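**Q**
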Amino acid sequence: MPWPFCPSCGSVLDPPESGDILCDHCHLRISYESFGEVEVVTRSQNRAEPEWLVQIQRKGEKQELQRATVEEACPKCGHPKMEFYTMQLRSADEGQTVFYECLSKACKHKYAVNN
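In full-length UniProt numbering, the protein residues as written are 1 to 115.
#1: By how many angstroms is the C-alpha of Arg90 removed from the C-alpha of Gln66?
#2: Check Lys110 in the structure and name its three-state DSSP category.
#3: Return the bridge partner residues of Glu83 from the DSSP annotation.
#4: Since Lys81 contacts Thr69 with CB under 8 angstroms, what's their CB separation in whole angstroms?
#5: Hey, out of Glu17, Met87, Ala92, Cys107, whose CA is closest to Val113's CA?
Dropping the structure here:
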């Protein structure tokens, strides 16, 4: 008898630790011993990723952080301009994190603000 399928309706059987096996679908009762010694062999193989996923990953690798310049004074050195970019670091229902970097070559102060 093929395991683990019901010989009456073909449903997958959920064998108990001991006693009879009861098919949840057709309620056929089968003795555990009628299956004899069962060897279960599984095989798996790596599947190729879908092309749409590969394209998204490639696009992500090529994409660099896009920075914009804002006229805001650096809190450390007072330089009048800073660069900023945003990233979604927290859950989707929360705001993005804004990263600032001073444009002064001597300072390069960095800080982040959660929106």
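No residue lacks a Cβ here, since even glycine has one placed at the ideal position from N, Cα and C. The structure presented is a predicted model; accordingly, all values stated were derived computationally and were not measured.
**A** Let me spell this out:
#1: Translated into the one-based positions of the sequence shown, residue 66 becomes position 66. Translated into the one-based positions of the sequence shown, residue 90 becomes position 90. So the alpha carbons of these two residues sit roughly 19 angstroms apart.
#2: Locating residue 110 in the sequence shown gives position 110, where the first residue counts as 1. Looking at Lys110 - three-state DSSP - the assignment turns out to be strand.
#3: Here the question's residue 83 lines up with position 83 in the sequence shown. Partner(s): Thr69, Glu101.
#4: To locate residue 81, count along the sequence shown from 1; it is residue 81. To locate residue 69, count along the sequence shown from 1; it is residue 69. Lys81 to Thr69, Cβ: 6 angstroms. Contact.
#5: Residue 113 sits at position 113 when you count from the first residue of the sequence shown. That would be Met87, whose Cα lies nearest to the Cα of Val113.
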